[in-house]
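Asker: Okay, handing you the structure first.
In my numbering, the protein residues as written are 364 to 785.
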């Protein structure tokens, strides 16, 4: 009888129902002398309420000497637990199936025609199911607050502003930046302002090593708790700190592919310089290239204000056109509200109302907003929006008859108005 074989991240479990026992092969790595693994026997059945996990040990699966040692070790464990099974067959066949499973990878199949492909969201439009999405920005832009809000929305299946969730999800917050107490306090502050988001989650794990190096443990947490949405806070330490070149980026995304969950990755952007035209994710260009969706977060805040105005701008989408920008406003509690009431409150924010953040909106929307106050010439629009006149004329011409209407003007320059309100 063939065993029940299951992959849990990088771990391979070979379970034999007739013996109610299994061997777990963890941290598998191919070296010049063979395939090395950490082996853990499991008795009482992996589906038991309390499976008996015996002490793990390391071995080279292709070494005859090591295989003999594994057999002896497992036989001794089973003898101590009064388990009577043919250990030679159990160990030999378990190793055989582990090697075969490890090396075969995904099977090759014929590529069928697909009439329609859906890209389901965990949190629309930010987080795609089973795909990595990056939100990047300069330091102190509220990225961690936004990510914690995203977890609470996903956990409860609720929506807020432009962020829509269809059902509840199990979430985990992998944290290289803050500890559990700080995030717990932030959660409590958000729930003060949004009591309907109250939930036991998300799971929080303080991280130290790069994700690829800690993958077996993380994969087990995700498997055990049915997690389908993970926050990575933040990308640089998760990918290896100083080793965030192409190799670090590729290892990081390989680890995410193994986890196979929707992922919101928070990333920093390098400080802009005089020669910098656009911001980018700090590190290798592969962080941008291998993400399926990339968003940039911009914020505005007056020095004496308790509000942060956030704008999120879509910079990359592998599954279609980029989504429209959207805004949120984060209200911090006033000092007198710190103990009672108040809380961290998120609200929808219309970016066209913001002098700075509106500059990231499509020019057509900025022109339409300006024309809501009355007819203007291209020269007047160019001056108000601080955009070259030729660029304004091109957008007006493109939208004539659809968004804008051209009217007689003075001094041979036509006036422009809205054909209909946006």
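Positions of the beta carbon are idealized from the N, C-alpha and C atoms, including for glycine.
1) Using DSSP with H/G/I as helix, E/B as strand and the rest coil, what is residue 460?
2) Among all the DSSP beta bridges, which residues are the ones paired with residue 370?
3) Going by beta carbon distance, what residues of the same chain come within less than 7 Å of residue 651, once the five residues before and after it are set aside?
4) Quick one: what does DSSP say residue 452 is sitting in, helix, strand or coil?
5) So, does the segment 532–548 touch the segment 563–580, judging by three or more C-beta pairs under 8 Å?
6) What does a CB cutoff of less than 6 Å around residue 561 pick up in its chain, not counting 5 residues either side in sequence?
7) Quick one: grab the DSSP three-state call for residue 426.
8) Spatial neighbours of residue 389 within its chain, please: C-beta separation below 6 Å, excluding the five flanking residues on both sides.
9) For a test of the three-state rule: what should DSSP assign to residue 592, helix, strand or coil?
10) Does DSSP classify residue 680 as helix, strand or coil?
11) Find the nearest neighbour of residue 721 within the set 693, 758, 667 and 663, judged by alpha-carbon distance.
12) Nearest to residue 734 by CA position, among 753, 431, 424 and 768, is which residue?
13) Does the segment 471–487 come into contact with the segment 604–618, if we say contact requires no fewer than three beta-carbon pairs (one atom in each stretch) closer than 8 Å?
14) Report the residue from 694, 713 and 715 whose alpha carbon sits nearest the alpha carbon of residue 705.
15) Quick one: what's residue 498 bridged to in DSSP?
16) Using only alpha-carbon positions, find the residue among 459, 739 and 676 that is nearest to residue 365.
17) How long is the line joining the alpha carbons of residue 654 and residue 546, rounded to whole angstroms?
18) Relative to the alpha-carbon of residue 430, which residue among 399, 446 and 372 has its alpha-carbon at the smallest distance?
19) What separation, rounded to the nearest whole angstrom, lies between the Cα atoms of residue 723 and residue 713?
20) Given a cut-off of 7 Å on the beta-carbon distance, is the pair residue 520 and residue 531 in contact?
21) What do you get for residue 508, buried or exposed, if any count of 16 or more other CB atoms within 10 angstroms of its CB means buried?
22) What's the C-alpha gap between residue 510 and residue 752?
23) Between residue 502 and residue 634, what straight-line distance do the alpha-carbon atoms span, to the nearest angstrom?
24) Cα separation between residue 732 and residue 602?
25) Roughly how far, in whole angstroms, is the beta-carbon of residue 690 from the beta-carbon of residue 490, given that I think they are within contact range, below 8 Å?
26) Quick one: Cα of residue 411 to Cα of residue 381, how far?
27) So residue 483 is in the beta strand (DSSP E); what residue range does that whole segment cover?
28) My assumption, with CB atoms under 8 Å, is that residue 598 sits in contact with residue 628. Please give the rounded CB distance.
Answerer: In short:
1) Counted from its first residue, the chain shown places residue 460 at position 97. Helix at residue 460.
2) Stepping through the chain shown from its first residue, residue 370 is reached at position 7. Beta-bridge pairing links residue 370 to 375.
3) Sequence index remark: in the chain shown, residue 651 carries index 288 (1-based). Taken in chain order, the residues that qualify are 643, 644, 657 and 679.
4) For the purposes of this step, residue 452 is taken as residue 89 along the chain shown, with counting starting at 1. The answer is helix: DSSP assigns residue 452 an H, G or I state.
5) Judged by Cβ distances under 8 Å, the segment 532–548 makes contact with the segment 563–580, as three or more pairs qualify.
6) Residue mapping note: residue 561 aligns to position 198 of the chain shown, counting from 1. 554.
7) Looking up residue 426 in the chain shown gives position 63. In the structure shown, residue 426 falls within a coil segment according to DSSP collapsed to helix, strand and coil.
8) Locating residue 389 in the chain shown gives position 26, counting from the first residue. The answer, listed in chain order, is 374, 401 and 579.
9) Against the chain shown, residue 592 aligns to sequence position 229. Note: residue 592 maps to strand in three-state DSSP.
10) On the chain shown, position 317 is the one that residue 680 refers to. Reduced to three states, the DSSP call for residue 680 is strand.
11) Working through the chain shown from its first residue, we reach residue 721 at position 358. Here the closest residue by C-alpha is 663.
12) Translated into positions along the chain shown, residue 734 becomes position 371. Among 753, 431, 424 and 768, the Cα nearest to that of residue 734 belongs to 768.
13) The segment 471–487 is not in contact with the segment 604–618.
14) As a first step, residue 705 must be located in the chain shown, where it is residue number 342. Nearest of 694, 713 and 715 to residue 705, Cα basis: 694.
15) One-based indexing of the chain shown puts residue 498 at position 135. Per DSSP, 629 and 658.
16) Along the chain shown, one-based indexing puts residue 365 at 2. With distances taken between Cα atoms, residue 365 lies closest to 459.
17) Counting from 1 along the chain shown, the entry for residue 654 is found at position 291. Counting from 1 along the chain shown, the entry for residue 546 is found at position 183. Those two C-alpha atoms are separated by around 26 Å.
18) The residue labelled residue 430 in the question sits at position 67 within the chain shown. Per the Cα distances, 399.
19) Along the chain shown, read from residue 1 onward, the residue named residue 723 stands at position 360. Along the chain shown, read from residue 1 onward, the residue named residue 713 stands at position 350. Spanning the two alpha carbons is a distance of roughly 12 Å.
20) Stepping through the chain shown from its first residue, residue 520 is reached at position 157. Stepping through the chain shown from its first residue, residue 531 is reached at position 168. Contact: yes.
21) Working through the chain shown from its first residue, we reach residue 508 at position 145. Per the 10 Å Cβ criterion, buried.
22) Here residue 510 refers to the residue found at position 147 when the chain shown is read from its first residue. Here residue 752 refers to the residue found at position 389 when the chain shown is read from its first residue. Approximately 40 Å between the Cα atoms of the pair.
23) Numbered from its first residue, the chain shown carries residue 502 at position 139. Numbered from its first residue, the chain shown carries residue 634 at position 271. So the alpha carbons of these two residues sit roughly 9 Å apart.
24) If you number the chain shown from 1, residue 732 lands on position 369. If you number the chain shown from 1, residue 602 lands on position 239. Distance between the alpha carbons of residue 732 and residue 602 is about 42 Å.
25) In the chain shown, the residue the question calls residue 690 occupies position 327. In the chain shown, the residue the question calls residue 490 occupies position 127. Between residue 490 and residue 690 the Cβ distance is about 18 Å, and since that is not below 8 Å, they are no contact.
26) By 1-based counting over the chain shown, the position of residue 411 is 48. By 1-based counting over the chain shown, the position of residue 381 is 18. Confidence in residue 411 is poor, its pLDDT being 43 and thus under 50, which makes the residue's placement too unreliable to answer from.
27) Your numbering for residue 483 matches position 120 in the chain shown. Per DSSP, residue 483 belongs to no beta strand (DSSP E) and is neither H nor E.
28) The residue you call residue 598 lines up with position 235 of the chain shown. The residue you call residue 628 lines up with position 265 of the chain shown. At roughly 5 Å, the Cβ-Cβ gap stays under 8 Å, so residue 598 and residue 628 are in contact.
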